[in-house]
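Colleague: If you read the sequence shown in our numbering, its first letter stands for residue 14, the second for the next number, and so on. Here a beta-carbon is modelled for each residue, glycine too, at the ideal position from N, C-alpha and C.
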Amino acid sequence: MVTYFSNIYRGMVTILIGMSQTWKALFRPAVTLHYPTERWELPTNARGILFNNADDCIGCYKCARACPVNCIYIDTVKALPEEDLGKASMGNPIRQHLIRFDIDMFKCCFCDDCT
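#1: Quickly, what does DSSP pair leucine 111 with across the bridge? List them, please.
#2: Would DSSP call isoleucine 116 helix, strand or coil?
#3: Per the DSSP calculation, lysine 100 is bridged to which residue(s)?
#4: Just to confirm, is the Cβ distance from aspartate 70 to leucine 111 under 8 Å?
#5: Using C-beta distances below 7 Å, list every residue in its chain close to valine 90, excluding the 5 sequence neighbours before and after it, in chain order.
#6: Taking the straight line between their C-alpha atoms, what separation do you get for proline 56 and proline 49?
#7: If we ignore side chains and look at the alpha-carbon of each, how far apart do isoleucine 87 and glycine 72 end up?
#8: Which whole-angstrom value is the C-beta distance of cysteine 121 and alanine 79, which I expect to be below 8 Å?
#9: My assumption, with CB atoms under 8 Å, is that phenylalanine 114 sits in contact with alanine 38. Please give the rounded CB distance.
#10: Tell me where the alpha helix (DSSP H) around methionine 25 begins and ends.
#11: Give the DSSP-derived three-state secondary structure of cysteine 84 in the structure shown.
Here it is in structure tokens:
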């Protein structure tokens with residue numbers, strides 16, 4: 014008979030401990046965001062957003078060579094000697110037409126070696 018009431022007592026204590034966790038969680042602020050309409054603020058040094066200004070690219074392949082997973086694809090065509098394509102923002106002359114600059118984001122490991 015004593016074990017019967019002991020089991021009931023332990024069951025009630027277990028339920029109260031579980032319910033205390035539930036009541037604590039009930040009054041905490043929500044952490045879930047409704048993704049398409051709300052987004053987390055990314056830190057300023059976050060990796061994951063790659064950007065290339067194609068008008069500023071000189072087609073040197075340095076970023077493609079630096080990529081450890083080979084996810085950058087560049088196709089260029091050499092410009093004619095009399096053709097003036099201008100200069101890049103760093104002052105380097107642009108000597109090639111950039112046909113394709115693609116980054117395969119599924120392969121990218123966001124190491125920032127290319128930027």
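Modeller: Answer, in terms of the structure:
#1: Thr89
#2: strand
#3: Pro106
#4: Position check: residue 70 holds cysteine in this sequence, whereas aspartate was assumed. Yes, Cβ-Cβ distance for cysteine 70 and leucine 111 is below 8 Å.
#5: Gln109, His110 and Ile112
#6: 19 Å
#7: 7 Å
#8: That pair is no contact at about 13 Å.
#9: 48 Å between Cβ atoms; not a contact.
#10: 15-39
#11: coil
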